[in-house]
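If you count the sequence shown from 1, position 38 lands on 38 in the UniProt record's numbering, and the numbers rise without skipping.
One structure below.
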Amino acid sequence: KAVELYEMELGEPDESGRRRPIPKPNTEFIMEIDTAIVALGTRPNPIIPSTTKGLELTRWGTIITDDATGRTSKEGVWCGGDMATGAATVISAMGAGKRAAVDIDAYLQGKS
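So, in structure tokens, the structure goes:
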């Protein structure tokens, strides 16, 4: 598996005054990858709960999780970061990921 990437630069300001990134010509390259996780925006992605049946959601569309483990209402599925808490810091998301990793490891070893 691979992903094609481009070096970017800021283009001219649009109607709002914001300069949007545009690809630099002739800078594309291929990077070999195992997994790609798309993390854009500040709201929970509705595609995840709509394609993963059995996940309980809050009224804001975030996934209900156990704060200590990241476990969801669906067996074998964990969640952390903005999808569980809404927009927050990367530090918070990293902490949730570490807690979930510990629980996932125990789960896979049959210890939880």
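Beta carbons are placed, not taken as given, at the ideal position from N, Cα and C, and that holds for glycine.
Remember, predicted model here, so these are calculated numbers, not experimental data.
Anticipated Cβ contact below 8 Å, residue i with residue j, distance rounded
{"i": "I64", "j": "T51", "result": "No, I64 and T51 are not in contact; Cβ-Cβ is about 17 Å, not under 8 Å."}
{"i": "P44", "j": "M83", "result": "5 Å"}
Through-space distance from residue j to residue i, alpha-carbon basis
{"i": "V90", "j": "P49", "result": "22 Å"}
{"i": "L55", "j": "G80", "result": "13 Å"}
{"i": "R59", "j": "S16", "result": "32 Å"}
{"i": "S112", "j": "A36", "result": "28 Å"}
{"i": "D14", "j": "K24", "result": "18 Å"}
{"i": "F29", "j": "G86", "result": "34 Å"}
{"i": "A101", "j": "M31", "result": "26 Å"}
Contacts around residue i, its chain only, beta-carbon distance under 8 Å, and the 5 residues preceding and following it disregarded
{"i": "G11", "result": "R19, R20, P21, I22"}
{"i": "G61", "result": "R43, P44, P46, P49"}
Proximity test, residue i beta-carbon vs the ligand COA heavy atom, cut-off 7 Å
{"i": "L108", "result": "What this structure holds is no ligand at all, so the ligand COA is not there to describe."}
Proximal residues to residue i (C-beta, below 7 Å), its chain only, five neighbours per side dropped
{"i": "R99", "result": "A68, T69, G70"}
Next item on the list: List in chain order: all unbroken alpha helix (DSSP H) runs of 4+ residues lying wholly within the region 81-108.
Entry: Segments of the alpha helix (DSSP H) lying fully in the region 81-108: 82-85, 90-108.
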